[in-house]
Amino acid sequence: MKRRKRARRVRIGAPDRRLTPTAGVEAVRELDRVLGVTAALDGAIGPVKQRDRGLTPGQVLMTMASAQLAGEDFMVGLDRRREDAAGQLLEPVPTPPSTTWAGNAKRFTSDHLAGLPAAMKMINTGWVARLPVPRRQALLQEVTIDADATDVEVYGRTKQGAAHAYTGALTLRSHIAHWAEAGVPLTAELMGGTEDPRANAVAVLDQAIAALPDDVEHISCRWDAGYFAADLAKACITRGVSFAIGAKRTRPLMAAGQQAPDEAWVPAIGMEHTEVAVIGYLPGSWPKDAGISCIARRTRIPVEKVPTARARKRRTIPDTQLALALEGRIDAVYGYSFILTDLNLDDPEDAAEDERGLRLAEVEHWYRHRTDIEALNKDAKHGAALRHLPSADRMINTVWMHAALLGCAIAAWMQELAGTDHSNGRGRFTVARFRREVIRTPARLVRQAGRILLRLPPGGHLLNLVLPRLQALPGPSG
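Count along the sequence shown starting at 1, add 24, and that's the number in our numbering.
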């Protein structure tokens, strides 16, 4: 007689409070110890309450940054983090209730936030000092600041400062400056949904410079055509900062680009059918004696590939060329873009003939990488939680924004210190991948001889590499 196979039985047992889905927050705790992040924030921001109790301002930012790195994207996520009993033993800061956090964030003022660049400077200085000598020298030799504004869609009529953008969405605008080579956010301002970022571009530049580490040799900055303003160029010159600013395609500028002689154009780096040239153009309000040059870039576009009427790329084509192309009288057009810069574009005196214009092409290629900031801003939105601004109160949203950017900075700092980004910044994980491979590593906490052991699941885990390397580093006073 054939025996009947016993049915499989799966039951859910009692919760194990020793388990945590986010053992990687211990790495955040170690980074806080190594760089003194919370202490630096506390010292620079100053007290936000009269009584010395509860959360300090640095802890307010750190606890939310840690929560966002763990995947929480609303304030109520703090309450979920508190339910993780084992994870709370690893957090850099004990997680407060969401209402407590909001109450503390609301106490911040603009004077408190003005201290953030000084805190970032202290942290960045300590961070760079712990990097290998070649990487440290490369970072300090040439620093590039990229700034851009990104809209954050919000909901509800009570959002302070929110306004309808050209898309019709109700938005607030985060104006962010990044250290390009390091991938570290330096500073940010939360603006109204329709405010012009040129209005506070100089202030953002000053804050970004103040957030850089000691011993930086030279600073350059890159801005797109939305920042096309003489005041910004003059501010850069006054501060000794080299600049490259995108220029708006006005009729005089487009005409100057088309009048450039053929021998002035040299091939662009990394772009097919594209050339660059220096043209004789400078807006009337820009300083004449500051060595500012105008770089034109043109890309040959076959008629069959002319963009549609709604495409932004179509606006790069001069009207006369476009009309001739649409009539079938020419077989290709050129799309133009322009940069105003005070960087040196001259070739070395001993340059070979086949290297003519190489310096010009290198500067244009360097400026083209300004778009890296769009990836960094996207990382802040989809890796951290800057895609939300969850409160009706503008100050709470501002603190939320700074916590999200602190989370991005923590991810960049940690990867450099642990050596997981190839020591050149180009192998850096996005925050989302960093969360998946480091922060959200499950573990069981076991106490043994006064120590906490993290028992991870079988298999390779990046936390096995990152955490020991951080633990081997001394603290700020070490």
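For every residue, glycine included, the Cβ atom is placed at its ideal position computed from N, Cα and C. No experiment lies behind these values; they were computed from the predicted model shown.
Check	Outcome
In whole angstroms, what is the alpha-carbon distance linking V226 and T262?	11 Å
Would the stretch 31–50 count as touching the stretch 94–111 if we require 3 or more Cβ pairs under 8 Å?	yes
Would you report the Cα separation of A171 and R475, rounded to the nearest angstrom?	45 Å
Whether or not the stretch 425–432 and the stretch 403–413 are in contact is what I'm after, with contact meaning three or more pairs of Cβ atoms, one per stretch, closer than 8 Å; do they touch?	yes
On the criterion of 16 or more Cβ atoms from any shown chain inside 10 Å, does T195 qualify as buried, or is it exposed?	buried
Would P372 be called buried (16 or more neighbouring beta carbons within 10 Å of its own) or exposed?	exposed
Going by beta carbon distance, what residues of the same chain come within less than 7 Å of A356, once the five residues before and after it are set aside?	R324, I325, P326, V327
Distance check for A433 and V462, CA to CA, integer angstroms please.	15 Å
What residue does the beta strand (DSSP E) around H446 start on, and which one ends it?	No beta strand (DSSP E) holds H446; DSSP gives it neither H nor E.
Measuring CA to CA, which of R471, T395, T62, K73 is closest to M88?	T62
By the three-class DSSP mapping on this structure, what secondary structure does E205 have?	coil
Beta-carbon separation of A385 and A292 under 8 Å?	yes
For I36, count neighbouring C-beta atoms within 10 Å of its own C-beta (all shown protein chains included) and say buried if the count is 16 or more, exposed if not.	exposed
Roughly how many angstroms separate the alpha carbons of A94 and S415, rounded to a whole number?	20 Å
Closer than 8 Å by C-beta to A254: which residues in its own chain qualify, once you throw out the five before and the five after it? Chain order, please.	P307, S309, W310, P311
When you compare the CB positions of V167 and I243, do they come within less than 8 Å of one another, or not?	yes
Short of 6 Å in beta carbon distance, which residues of its chain neighbour R69, apart from the five on each side in sequence? Order them along the chain.	The sequence as given places Ile at residue 69; Arg does not occur at that position. Cβ neighbours of I69 beyond the five flanking positions: P81, H136, G139.
With DSSP as the reference, label T62 as helix, strand or coil.	helix
Based on the DSSP secondary-structure assignment, which residues constitute the bridge partners of W247?	I269
Less than 8 Å between the C-beta atoms of L364 and I303, yes or no?	no
CB-CB under 8 Å to L477, same chain, minus the five flanking residues each way: which ones, in chain order?	L469, V470, R471
With 16 other CB atoms within 10 Å as the buried threshold, where does G483 fall?	exposed
Which residue from T218, A257, V290 puts its Cα closest to that of L382?	V290
Just to confirm, are R159 and S447 a CB contact at a threshold of 8 Å?	yes
Answer with buried or exposed for I420, where buried requires no fewer than 16 other C-beta atoms within 10 angstroms of its C-beta.	buried
If you count every other CB in all the chains shown that lies within 10 Å of the CB of S501, and 16 or more means buried, which is it?	exposed
Please return the same chain residues whose Cβ sits closer than 6 Å to the Cβ of G150, not counting the five positions on each side in sequence.	L59, P500
Nearest CA to the CA of A496: which residue from L441, G294, R273?	L441
Considering only residues of the same chain and omitting the five flanking positions on each side of G207, which have a CB-CB separation below 7 Å?	L400, A436, G449, R452
To the nearest angstrom, report how far apart T119 and M99 are at their CA atoms.	11 Å
For T123 and D103, what's the separation of their Cα atoms in angstroms?	9 Å
Expressed to the nearest angstrom, what Euclidean distance is found between the alpha-carbon atoms of G217 and V34?	52 Å
Excluding the 5 residues flanking E54 on each side, which residues of the same chain have their C-beta closer than 7 Å to its C-beta?	L491, L494, Q495
For the beta strand (DSSP E) that contains L494, what are its first and last residues?	No beta strand (DSSP E) contains L494, which is instead part of the alpha helix (DSSP H) from 487–495.
Fully enclosed by the stretch 104–128, which alpha helix (DSSP H) runs are 4 residues long or longer?	109–112
Quick one: is A63 near chain C, going by C-beta distance under 8 Å?	Among the chains in the structure shown there is no chain C, since it carries only a single protein chain.
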